[in-house]
Each structure stands twice: as structure tokens, then as C-alpha cells.
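For reference, the structure is listed below as C-alpha cells.
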Amino acid sequence: MHEAIALVEERFADQKLRSHGMQSNKDILLTVLALGLADDLLQSQKKLDDVQNRIEAMLSKIEEESV
Numbered sequence: 001m002h003e004a005i006a007l008v009e010e011r012f013a014d015q016k017l018r019s020h021g022m023q024s025n026k027d028i029l030l031t032v033l034a035l036g037l038a039d040d041l042l043q044s045q046k047k048l049d050d051v052q053n054r055i056e057a058m059l060s061k062i063e064e065e066s067v
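Position 24 of the sequence shown, counted from 1, bears residue number 24 in full-length UniProt numbering, the numbering being contiguous throughout.
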């Protein structure tokens, strides 16, 4: 949980720096941050699904060859 809090704080600070000089508010920054985190999560889940599919394919191949 502490790592998640640190990540959010880090990304929020990064977004604040990027928007320096532009008129923005906390809600916009938090929305951008939430979208970025959601995108990261979806990409990670896709990578995990790909790895699981490859493992399943390898296990099937091993089982076929051992018969």
C-alpha cells in the first residue's frame, strides 16, 4: 500500500511540474493521473495474460511430447 501511495504522489508531482505555467487545477491533474495509472494497469494485465498464454502453450506442448 505504501508503494502505491508513493507512486501516486510521484506521478501527481510529475504532472504538476509538466503543467507549470498552464492554468490547471487539482481535479484535472488527478484525472490525468488516474487515467495514466489505469492505462498502466491495463497494459500490465495484458502482458500478464500474454505470459500466462505462453506458459499454457508450453505446458501443452510438453504434455503432448511426453505421451
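The C-beta atom is built at its ideal place from N, Cα and C for all residues, glycine as well.
Item                                                                                                                                                      : Value
Starting from M58, trace the alpha helix (DSSP H) both ways and give me its first and last residue.                                                       : 26 to 66
Would you decide whether L33 is buried or exposed? Buried here means 16 or more other CB atoms lie within 10 Å of its CB.                                 : buried
Suppose the cutoff is 7 Å on Cβ atoms and the five residues either side in sequence are ignored; what does the same chain contact list for D39 look like? : none
In its own chain, which residues sit with a C-beta less than 7 Å from the C-beta of G36, not counting the 5 before and 5 after it?                        : R11
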